[in-house]
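Student: First residue of the sequence shown? That's 114 in the working numbering, and the numbers climb one at a time after it.
Structure incoming, see below.
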Amino acid sequence: MSASEGSSVLAPLELSELMVGVLRESGEVVIANAAFRELAERDGRPLREHLVTEHARLAPGHSSVSDLQLQRSDSSAVTIRWHVARYDTPDGGLLAIGEDVTESRETESKLADRALRDPLTGLPNRTLLADRVSQALAAAQRRDEPCAFIVFDLDGFKQVNDDFGHDAGDEVLRQIGPRLGALLRESDTLARLGGDEFTVLLPPPADLVSALVAAEKVRTAFASTYTAAGADVSVGASVGIALFPQHGRDAATLLRAADVAMYSAKRTGAGVAVYDHSLDLGSVAGSARLAELKEAIAGGELRVVYQPMVRLGERRVTGAEALVRWLHPRLGMLHPAAFLPLAERTDLMVQLFECVLDDAMARCAQWRDDGSSAGVSVNLSVRNVLDPAAPAVVARSLLRYGLEPSVLTLEFNERELGREPHRLERALRDLADTGVRLALDDFGTGDISLRTLRALPIHEIKLDRALIATLRSDPDSRSFVRTGIAVGHDIGLEVVAKGVEDSGTLALLGRLHCDVGQGNLFAGPVESRELTAAVADVERTGRAGD
Ligand code: C2E
Ligand code: MG
């Protein structure tokens with residue numbers, strides 16, 4: 114029994130890596146094995162100091178454990194773990210047994226690291242983020258300084274996965290950390306929340322301006338293409354910002370607020386959005402605004418304005434786009450950005466569409482009575498497209514006003530297509546079956562493939578306003594617009610340019626054979642009763658072609 118006990122203690126002693134020594138209180142080594150002596154010869158002073166000072170308070174008969182860091186001659190680090198016991202004798206020396214734990218320490222720290230980092234990108238994961246967030250919030254609170262949260266997710270990432278496979282998608286995700294890391298400050302924490310969703314924590318002091326600067330850095334990280342599967346792929350990012358303390362005081366509230374803002378940035382195509390209570394269904398202001406909107410729809414507070422669309426070759430107004438406004442009793446005329454993101458998250462969007470459609474059909478019927486053949490365009494949201502009742506609603510409305518289906522164009526945003534392309538495509542087909550025209554709005558903001566473009570039951574593409582705004586100054590926009598027009602014509606689509614603001618751009622669009630223009634150069638959105646005058650003005654001055 115005692116022999117086996119003895120051998121279990123002594124056996125490791127025979128292994129040369131164990132260092133065993135007996136020291137006096139002064140640090141003098143009394144007895145030691147070869148390994149201990151070897152170490153004491155090289156690192157005698159640090160070794161003795163460590164053992165004596167670390168264990169100075171050790172009571173007789175007790176033992177404790179401590180780690181000593183030393184350097185090898187190649188300057189790599191070694192960790193020796195010392196088990197030290199104090200003799201229960203009047204002179205109270207120390208028995209020290211040391212083992213090299215460098216490798217197991219590395220494994221331990223790797224394991225700990227793995228639990229805190231996202232395995233794909235190596236970026237901090239939610240757990241590590243939560244830790245940094247609580248530190249940041251505590252510091253912000255203590256110092257009475259603001260801090261900021263950014264949440265972003267990728268636009269067009271699904272397309273990369275679809276076109277090049279998931280490995281290529283992973284390759285893109287892995288490149289984000291290094292690219293964005295080089296732009297952000299060292300103190301900022303970039304973490305992956307999961308999927309293609311990331312967050313940046315800006316520690317205090319970080320106010321709205323610093324958050325907007327960081328958001329721009331995020332956008333910059335996506336300005337040039339990524340390399341995946343040997344190809345150059347482009348992805349974008351939609352960025353949401355939430356600030357401590359105005360948008361929340363705890364991590365969960367702030368992350369949620371940044372997420373709501375990110376969703377709004379994506380939906381409106383703005384790219385970057387700051388959290389806004391009134392657009393958040395979950396906030397008191399948001400649910401109050403929603404209740405107001407419900408009453409506004411029922412009480413007829415919605416207004417529809419119309420913006421002429423001009424056929425460039427003939428300088429003739431061929432239609433008008435219906436754009437919704439809310440005449441709010443206190444806040445005045447509200448633009449869609451102030452309430453559509455909210456409506457879009459509830460069934461109110463269905464009622465809103467029916468309301469706008471009814472106004473548009475009634476006006477169009479009136480224009481017919483006045484002798485005009487102008488058509489009308491109405492915007493659809495995703496919810497409207499996916500509403501199974503939508504084709505019947507449209508057909509009923511046409512019937513009610515005695516209009517041919519071809520007078521109505523329903524616009525649908527390209528950006529939204531990425532989400533559920535097949536389901537949306539089927540729903541669009543049901544709408545097209547009613548005989549109405551369909552337009553792909555904000556063309557150039559999504560990442561639709563040529564194959565999908567050909568497969569969609571559409572009649573028109575509307576080039577995004579940002580492309581038209583930079584048409585003359587940016588060769589990339591020009592080349593995109595030129596290609597868009599050529600491809601559109603090739604598959605029999607009509608091409609509309611939105612946001613035409615100056616005659617130079619108009620002339621260039623003419624040279625590129627764009628079919629139709631819409632923008633403030635001709636006329637902004639006007640009340641229906643002013644439309645006739647606006648149309649006469651466009652056609653009389655011939656501004657459309659000069
Ligand atoms: P959109 O379909 O791209 O509509 C064109 C927007 O560009 C309108 O903004 C219009 O006022 C603006 N615009 C037109 N010409 C110019 C120009 O030359 N320069 C500039 N800077 N802007 C110009 P609005 O009315 O604020 O509408 C914003 C968006 O809201 C629309 O974008 C559309 O996506 C959505 N929307 C509007 N009405 C409805 C609706 O009834 N239903 C749905 N689902 N969405 C709507
Ligand atoms: Mg539109």
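All C-beta atoms, glycine included, are put in the ideal place defined by N, C-alpha and C.
Quick test of your reading: Glu-529 and Val-495, contact by CB under 8 Å. State the CB separation rounded to the nearest angstrom.
Tutor: Indexing the sequence shown from 1 puts residue 529 at position 416. Indexing the sequence shown from 1 puts residue 495 at position 382. At roughly 5 Å, the Cβ-Cβ gap stays under 8 Å, so Glu-529 and Val-495 are in contact.
Student: Give me, in chain order, the residues of the same chain whose beta-carbon lies closer than 7 Å to that of Val-545; leave out the 5 immediate sequence neighbours on both sides.
Tutor: On the sequence shown, residue 545 is found 432 positions in, with the first residue counted as 1. According to the sequence as given, residue 545 is Ala; it is not Val. Cβ neighbours of Ala-545 beyond the five flanking positions: Leu-551, Pro-570.
Student: Below 8 Å on the Cβ atoms is my guess for Glu-652 versus Arg-428; work out the distance and round it to an integer in Å.
Tutor: Start at 1 with the first residue of the sequence shown, and residue 652 comes out as number 539. Start at 1 with the first residue of the sequence shown, and residue 428 comes out as number 315. Their Cβ separation, rounded to whole angstroms, is 6 Å, which keeps Glu-652 and Arg-428 in contact under 8 Å.
Student: For the putative contact between Lys-575 and Leu-553, defined by C-beta atoms under 8 Å, what is the C-beta separation to the nearest angstrom?
Tutor: Looking up residue 575 in the sequence shown gives position 462. Looking up residue 553 in the sequence shown gives position 440. Correct: roughly 7 Å between the Cβ atoms.
Student: Flag Phe-466 as yes when its Cβ comes closer than 7 Å to any non-hydrogen atom of the ligand C2E, and as no otherwise.
Tutor: Indexing the sequence shown from 1 puts residue 466 at position 353. Yes; taking the cut-off as 7 Å, the Cβ of Phe-466 has a heavy atom of the ligand C2E nearer than that.
Student: As a quick exercise: from Val-423, Lys-407, Asp-363, Glu-434, pick the residue whose alpha carbon is nearest that of Ala-251.
Tutor: In the sequence shown, counting from the first residue as 1, residue 251 sits at position 138. Among Val-423, Lys-407, Asp-363, Glu-434, the Cα nearest to that of Ala-251 belongs to Asp-363.
Student: In chain order, what residues of the same chain lie with their CB nearer than 8 Å to the CB of Ile-604, ignoring the 5 residues before and after it?
Tutor: Here residue 604 refers to the residue found at position 491 of the sequence shown. The answer, listed in chain order, is Leu-566, Arg-567.
Student: How about Ala-435: is its Cβ closer than 7 Å to a heavy atom in the ligand C2E?
Tutor: The sequence position of residue 435 within the sequence shown is 322, counting from 1. Ala-435 Cβ: within cutoff of the ligand C2E.
Student: Between the C-alpha atoms of Arg-298 and Ala-169, what's the straight-line distance to the nearest angstrom?
Tutor: For the purposes of this step, residue 298 is taken as residue 185 along the sequence shown, with counting starting at 1. For the purposes of this step, residue 169 is taken as residue 56 along the sequence shown, with counting starting at 1. For Arg-298 and Ala-169, the distance between alpha carbons rounds to 43 Å.
Student: Reducing DSSP to helix, strand and coil, say where Cys-677 ends up.
Tutor: Past the edges of the chain, shown from 114 to 659, lies residue 677, and the structure says nothing about it.
Student: Can you list, in chain order, the residues of its chain with a C-beta nearer than 7 Å to that of Val-176? Leave out the 5 residues immediately preceding and following it.
Tutor: Within the sequence shown, numbered from 1, the residue matching residue 176 stands at position 63. Checking the displayed sequence, the identity of residue 176 turns out to be Ser instead of Val. Result list for Ser-176: His-196, Val-197, Ala-198, in chain order.
Student: Give a single yes or no on whether Asp-554 has its beta carbon closer than 7 Å to a heavy atom of the ligand MG.
Tutor: Sequence index remark: in the sequence shown, residue 554 carries index 441 (1-based). Yes.
Student: By the 10 Å Cβ neighbour count, where 16 or more other Cβ atoms means buried, how is Asp-472 classified, buried or exposed?
Tutor: Here residue 472 refers to the residue found at position 359 when the sequence shown is read from its first residue. So Asp-472 ends up on the buried side.
Student: To the nearest angstrom, how far is it from the Cα of Ile-679 to the Cα of Val-135?
Tutor: With the chain represented from 114 up to 659, any question about residue 679 goes unanswered, as that position is not in the structure.
Student: Is DSSP giving Arg-185 helix, strand or coil here?
Tutor: Looking up residue 185 in the sequence shown gives position 72. Residue state, collapsed to three classes: coil.
Student: Evaluate Met-132 with the Cβ neighbour count: other Cβ atoms within 10 Å of its Cβ, from every protein chain shown; 16 or more gives buried, anything less gives exposed.
Tutor: One-based indexing of the sequence shown puts residue 132 at position 19. Classification for Met-132: buried.
Student: My output table needs one value for Tyr-419: the three-state DSSP class, helix, strand or coil.
Tutor: The residue labelled residue 419 in the question sits at position 306 within the sequence shown. Looking at Tyr-419 - three-state DSSP - the assignment turns out to be strand.
Student: Pop quiz: Leu-303 and Gly-290 are said to be a contact at Cβ under 8 Å. What is the actual Cβ separation, rounded to whole angstroms?
Tutor: For this step, residue 303 is matched to residue 190 along the sequence shown. For this step, residue 290 is matched to residue 177 along the sequence shown. So it is a contact: roughly 6 Å between Cβ atoms.
Student: Tell me the rounded alpha-carbon separation between Phe-277 and Asp-268.
Tutor: Translated into the one-based positions of the sequence shown, residue 277 becomes position 164. Translated into the one-based positions of the sequence shown, residue 268 becomes position 155. Using only the alpha carbons, I get a separation of about 16 Å.
Student: Can Asn-492 be considered in contact with the ligand MG, in the sense that its beta carbon sits closer than 7 Å to one or more heavy atoms?
Tutor: For the purposes of this step, residue 492 is identified with residue 379 of the sequence shown, where counting begins at 1. Flag set: Cβ of Asn-492 near the ligand MG.
Student: Using the beta-carbon count (16 or more within 10 Å), is Arg-476 buried or exposed?
Tutor: By one-based count along the sequence shown, residue 476 stands at place 363. Label assigned to Arg-476: buried.
Student: Report the three-state DSSP secondary structure of Arg-230 (helix, strand or coil).
Tutor: Along the sequence shown, one-based indexing puts residue 230 at 117. DSSP places Arg-230 in strand when its eight states are reduced to three.
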